[in-house]
Amino acid sequence: MGNRAFGERLGQVASPAAYRAASALLCLVPETPMLFMGQEWSASTPFQFFTDHNPELGALITQGRRKEFRHFAAFSDPARLAEIPDPQEASTFANSKLRWEELREEKHAQVLLLYQEFLRLRRTHPAFRTRARDNFIATKIDDNVVALFFGEPGRYDLAVLIDLIGGHEMPNLDLARFTPDDERDWHPLLSSNEERFGGSGQTLFAEPNTLVLTLVEGRRVRN
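If you want it as C-alpha cells, here you go:
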C-alpha cells in the first residue's frame, strides 16, 4: 500500500501469481508480518486519501492533493489530474471501505487460504521457533532466484525459494553455500502456486512474468 493517486492495491497492479508469491514471502520473513485491511484476501477496493475537515481547510487539502501529483508525467493532462479523488468527498471515503462479501468469491477465498496456511507454517514449524539473528541466511542461488534458509547455524533444514520474475528452471541448491553436506534431499512442502491458492499447480519456476515462492524441507537437491 502506498501513496498512490487512486489508491490502487498491489493486487491490482501485479499479476495474481506475483501477488501470491509476495504474500507468501511476507508471511515467512523473519520480521513480524504487518497486514493492511483486506490485504489477506487481495481486496479489490482501493484505499484512497480521505479527510473530513471544515470547508476552508478542506479546499486547501484538495488543492494540495492535486498539486502533489501534477509533477508526474502521468498527470500532465489537467483532465487526468482532475480525476484524482477529492479527499473531502464522502464517496472517496465510501469507496475505501472493504466489501466483506468478496470473501464469498473463490479468487479472494483462495488468497485468504494462502495467508492462513503460510502463517500457520510460520507458527508451527520448528525452523521458525528460534528468533536469533543467525537462525536464517539469505543468499542468491541463481539469476533472479533468492533463498532464505531457516534453522540453526550449520543445520539450516528449511528453505524458502523466491523467484522474482518467473521463466526459470528449478535452481540447484547444491550451489548454495549454506546447505548441509549430506545425502538427504529437499522435498516440496508448500508452494504459493498451488491450485488451492488459485495457482496453476506448478511448483517449479517456469511460469513467465510471475513470482513463485516454494517452501522445501530437507537437505539436498538431486538434479
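All you need for the working numbering is the position in the sequence shown, starting with 1, plus 48. Cβ atoms here follow ideal geometry from the backbone N, Cα and C, with glycine treated the same way.
Measuring straight from C-alpha to C-alpha, what distance separates residue i and residue j?
i	j	result
residue 247	residue 109	42 Å
residue 94	residue 70	19 Å
residue 167	residue 80	11 Å
residue 160	residue 133	29 Å
residue 113	residue 104	15 Å
residue 65	residue 240	8 Å
residue 76	residue 121	37 Å
residue 72	residue 195	13 Å
For residue i, count the other beta carbons within 10 Å of its own beta carbon; 16 or more makes it buried, fewer makes it exposed. Which is it?
i	result
residue 209	buried
residue 156	buried
residue 211	buried
residue 148	exposed
residue 126	exposed
residue 118	exposed
residue 138	exposed
Please report the Cβ distance between residue i and residue j, rounded to the nearest whole angstrom; I am assuming they are in contact, meaning their Cβ atoms lie under 8 Å.
i	j	result
residue 180	residue 206	Going by Cβ atoms, the distance from residue 180 to residue 206 rounds to 15 Å, so no, they are not a contact pair.
residue 89	residue 150	7 Å
Identify which residue in the options has its Cα closest to the Cα of residue i.
i	options	result
residue 101	253, 136 and 120	136
residue 186	198, 115 and 178	198
residue 78	184, 243 and 53	184
residue 215	237, 234 and 252	252
residue 67	237, 158, 111 and 123	158
residue 235	99, 218, 243 and 92	218
Output the residue ranges of the beta strand (DSSP E) runs that lie fully inside the segment 172-220 and measure 3 residues or longer, sorted by chain position. 184-190, 193-200 and 203-211
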